[in-house]
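For the sequence shown, the residue numbers in our numbering are 104 to 485.
Glycine is no exception: its CB is placed at the ideal position from the N, C-alpha and C atoms.
Just below is one structure, and these are the notes that go with it.
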Amino acid sequence: MFNYIVIGSGFAGSVIAERIANVLNEKVLIIEKRNHIGGNCYDYKNKDGIIIHKYGPHLFHTDYKDVFDYLSNFTDWNIYHHKVLAFIDGKKVPIPFNLNSLYIVFPQTLARRIEEKLLKRYPYNSKVPILDLKEENDEDLKFLADYVYQKVFLNYTAKQWGLKPEEIDKEVTARVPVFIGKDDRYFTDRYQAIPIEGYSKIFERMLNHKNIKIMLNTDFKEVINIDFENKKIYFLEQEFKGKLIFTGMIDELFDFKYGYLPYRSLDLRFESLEKEWFQEVATVNYPNDYDFTRITEFKHIHPVNLEKTIILREYPKQYTPNKDIPYYPIFTKENQELYNRYREEIEKFENIILVGRLAEYRYYDMDDVVKRALEVFEEKIK
Ligand code: UDP
């Protein structure tokens, strides 16, 4: 019946399925464990008309024109520039920490001196990862680096990852660099926008195709068996000779035979409030106070005129396999080695393709996943 089976319907699986259906005009089956498509991008409108991101805030931003153009086939956009403030010693400070932030947290003369030194040392509008800034020798820049490290990164990262900034891959804290400019936006990408009707509609439109069948509420283990010794795949007891595109956790595919790959999970606690607004921007980070890392207020992302609002507090936690949602791969050298062990075994199969944040164990953003899925389709499927 099917030459292609896709496991998982987040961006990785949905983009590939859409390409197979439209470009190859082939039939494809998607197997999805949850009762909805869209993976962690899933959103919905609540009874008051507020669009809520069920699995935490998703802000689309990209420099890839091809990705933006591709997704524009499935949605119209509202231009939206995400802003984040961090609550530090009673003040709300723009994040990424930038030249404006300097003047909020330091006395004017000191702020000016640091600004001048930064501008001498770095090009205007450049981005400096905190772990690089910490290597500075100048006394004022060192002072700044220590301040930002202590007040913005150290405790937030301890909450978020259970680790110190230097214990995780440098790329993680480099996502939020110190910004040598006055742009208060969280991202600087060329395309920054929110799908007008939410993300779920993108997935509905991508997958609404006569060639695509979706099995919801189905753990792939219920229908797929893999014979690792003989390198064979079985779908409903019959040998499956087509291509299997797997976007789930690679260790689960192997029944965790070499051990569990570590992830970080979150407790997401939503609260409904009887007032128009809760905070001044979409997200306020709380690096040093409380057990949650940040509060997001959805009305800033999808404006509606209403005397009510919904906020979300994110409480990071350790991930327990088979119980919690694996939101973030924990990218350390040791974990990467374990991942590679699994990956090497998969590569012996000609017809299993891994793509996405979970299957590739990478901290991909939404645009990275779409980019990757489009590439994988061109290189390995088409
Ligand atoms: N980070 C931090 N303080 C902040 C914001 C970010 O220490 O105020 C660090 C933290 O380690 C976090 C990483 O930078 O996990 C990446 O942040 P980002 O906002 O990109 O995380 P995401 O939105 O993907 O959870």
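Report the option in I133, T260, R444, E340 whose CA atom is closest to the CA atom of L319.
Counted from its first residue, the sequence shown places residue 319 at position 216. Looking at the Cα atoms, I133 is the closest of the given residues.
Taking 6 Å as the cut-off, is the CB of T260 close to at least one heavy atom of the ligand UDP?
Translated into positions along the sequence shown, residue 260 becomes position 157. T260: yes, Cβ under 6 Å from the ligand UDP.
Would the stretch 360–368 and the stretch 118–136 be scored as touching if the rule is three or more Cβ pairs under 8 Å?
The stretch 360–368, when compared against the stretch 118–136, does not touch it at the 8 Å Cβ threshold.
Should V275 be listed as close to the ligand UDP, given that the test is whether its C-beta is under 6 Å from any heavy atom?
In the sequence shown, residue 275 corresponds to position 172, counting from 1. Yes - the ligand UDP has a heavy atom lying nearer than 6 Å to the Cβ of V275.
Just to check, is the beta-carbon of P197 closer than 6 Å to a non-hydrogen atom of the ligand UDP?
Sequence index remark: in the sequence shown, residue 197 carries index 94 (1-based). Because no heavy atom of the ligand UDP lies under 6 Å away, the Cβ of P197 does not count as near it: no.
For D282 versus P199, is the C-beta spacing smaller than 7 Å?
Within the sequence shown, numbered from 1, the residue matching residue 282 stands at position 179. Within the sequence shown, numbered from 1, the residue matching residue 199 stands at position 96. A small fix is needed here, since residue 282 is Phe in this sequence, not Asp. Yes, the pair counts as a contact, with Cβ atoms nearer than the cut-off.
Grab me the residues of E121's own chain with a C-beta within less than 8 Å of its C-beta, minus the 5 sequence neighbours each way, in chain order.
In the sequence shown, counting from the first residue as 1, residue 121 sits at position 18. For E121, the CB contacts under 8 Å within the same chain, skipping 5 residues up- and downstream, are M309, L310, H312, I315 in chain order.
D392 burial status per 10 Å Cβ neighbour count (16 or more: buried)
Taking the sequence shown and counting its residues from 1, the one referred to as residue 392 is at position 289. Around the CB of D392, fewer than 16 other CB atoms lie within 10 Å, so the residue is classed as exposed.
Through-space distance from K254 to L385, alpha-carbon basis
Locating residue 385 in the sequence shown gives position 282, counting from the first residue. Locating residue 254 in the sequence shown gives position 151, counting from the first residue. It is worth fixing the name first, because residue 385 is Ala in this sequence and not Leu. Their backbone Cα atoms lie some 21 Å apart in a straight line.
Beta carbon of P432, beta carbon of Y464: below 7 Å?
Start at 1 with the first residue of the sequence shown, and residue 432 comes out as number 329. Start at 1 with the first residue of the sequence shown, and residue 464 comes out as number 361. With contacts defined by Cβ atoms closer than 7 Å, P432 and Y464 form a contacting pair.
Buried/exposed call for P280, threshold 16 Cβ in 10 Å
Indexing the sequence shown from 1 puts residue 280 at position 177. Buried is the call here.
Cβ-based neighbour list, W264, same chain, cut-off 7 Å, excluding 5 preceding and 5 following:
Numbered from 1 along the sequence shown, position 161 holds the residue referred to as residue 264. Once the five neighbours on either side are set aside, the close Cβ partners of W264 are I271, R367, I433.
Near the ligand UDP: F256 beta-carbon under 6 Å from a heavy atom:
The sequence position of residue 256 within the sequence shown is 153, counting from 1. It does: the Cβ of F256 is within 6 Å (strictly closer) of some heavy atom of the ligand UDP.
Contact between the stretch 248–262 and the stretch 135–144 (3+ Cβ pairs under 8 Å):
Output reads no: the stretch 135–144 does not touch the stretch 248–262.
If you scan the stretch 159–223 from start to end, which runs of the alpha helix (DSSP H) of 4 or more residues do you find wholly inside it?
Fully contained in the stretch 159–223 are the following alpha helix (DSSP H) runs of length 4 or more, in chain order: 168–174, 202–208.
Per DSSP, which residues does S368 bridge with? Please list them.
Numbered from 1 along the sequence shown, position 265 holds the residue referred to as residue 368. DSSP lists K420 as partners of S368.
Any idea if F373 is buried or exposed, counting beta-carbon neighbours within 10 angstroms, 16 or more meaning buried?
Within the sequence shown, numbered from 1, the residue matching residue 373 stands at position 270. Result: exposed.
DSSP state of I146 mapped onto helix, strand, coil
For the purposes of this step, residue 146 is taken as residue 43 along the sequence shown, with counting starting at 1. The sequence given here places Asp at residue 146; Ile does not occur at that position. Reduced to three states, the DSSP call for D146 is strand.
Bridge partners for N388 per DSSP, in chain order?
The sequence position of residue 388 within the sequence shown is 285, counting from 1. For N388, DSSP records a beta bridge to A189, R397.
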